[in-house]
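Following: one structure in structure tokens, then a few remarks.
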Amino acid sequence: MSTGETRWQLFNQCSKAMLQTYLGHINTRGVSSRLCLTDFNVKVNRLGMFQLQHAQSRKYVCFNRRRRIEGDSLRCFFIERINDQGYTEIESAWEQGLFLGFNSRGRFQDPATYPIKRKCFSWTKLQRFVPNSELHRCSRQQKKKSNHHPTPRHQESFLRNLMRASLLQKIRATEDGPYNLRDISVA
Numbered sequence: 049m050s051t052g053e054t055r056w057q058l059f060n061q062c063s064k065a066m067l068q069t070y071l072g073h074i075n076t077r078g079v080s081s082r083l084c085l086t087d088f089n090v091k092v093n094r095l096g097m098f099q100l101q102h103a104q105s106r107k108y109v110c111f112n113r114r115r116r117i118e119g120d121s122l123r124c125f126f127i128e129r130i131n132d133q134g135y136t137e138i139e140s141a142w143e144q145g146l147f148l149g150f151n152s153r154g155r156f157q158d159p160a161t162y163p164i165k166r167k168c169f170s171w172t173k174l175q176r177f178v179p180n181s182e183l184h185r186c187s188r189q190q191k192k193k194s195n196h197h198p199t200p201r202h203q204e205s206f207l208r209n210l211m212r213a214s215l216l217q218k219i220r221a222t223e224d225g226p227y228n229l230r231d232i233s234v235a
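Numbering (my numbering) for the sequence shown: 49 to 235.
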């Protein structure tokens, strides 16, 4: 038997995009092909509750005391419910009636709006098994430094120095410069 992890990608019906963790923030603006942002490990306990752990950052999807989303907490357990339309609804095991949802812009949807905006709390679940041989492909790659393109914070001084050098080249008084005494005639 092969060892590995069960991973989910969750497609939100309201935002029409995948649940993702991007730059430390959870939203539903992800694309299914960007596995490093949209893959979540599923950890199930013996009571049937599960945790969603982001595959790359290893942070959990949780509710805090104010019913907002955060990354690390004891409130990380969920229960999967299937609604009448066949979509998955993710309910907090910590507080009954607290569902995970996002609005049409991909931002967190207040759980109090669940009875009004049920579509924003509906998910399509894509599940797959990832063998251990493919688990570490999302490691962060170091950026290559290039001397050809300045970084934005140095761009202004780079351009200023370039313009200054160009201007000095035009007014330089040398043998090959534009202000050569041989070109001037005395009348």
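Quick reminder that beta carbons are idealized off the backbone N, C-alpha and C, glycines included. All values derive from a computational prediction rather than experimental measurement.
Where does residue i land, buried or exposed, given buried means 16+ other C-beta within 10 angstroms?
i, result
"residue 71", "exposed"
"residue 170", "buried"
"residue 154", "buried"
"residue 148", "buried"
"residue 95", "exposed"
Closer than 6 Å by C-beta to residue i: which residues in its own chain qualify, once you throw out the five before and the five after it? Chain order, please.
i, result
"residue 56", "88, 90, 173 and 175"
"residue 68", "78, 85 and 86"
"residue 129", "137 and 139"
"residue 152", "62 and 63"
Within the same chain, show all residues whose beta-carbon is closer than 8 Å to that of residue i, passing over the 5 residues directly before and after it, in chain order.
i, result
"residue 80", "57, 59, 66, 86 and 174"
"residue 150", "60, 62, 63, 67, 75, 76, 156, 157 and 168"
Using DSSP bridges, identify the partner residues of residue i.
i, result
"residue 79", "Residue 79 is not bridged to any residue."
"residue 104", "DSSP lists no partner for residue 104."
"residue 84", "The partner list for residue 84 (beta bridge, DSSP) is empty, contrary to what the question assumes."
"residue 64", "Per DSSP, none; premise fails for residue 64."
"residue 52", "179"
"residue 129", "137"
Skipping 5 residues on each side, what residues in its chain have a beta carbon closer than 7 Å to that of residue i?
i, result
"residue 53", "89, 178 and 183"
TODO: Jot down the residue ranges of each uninterrupted alpha helix (DSSP H) in the segment 132 to 186, minimum 4 residues, whole runs only, in chain order.
DONE: none
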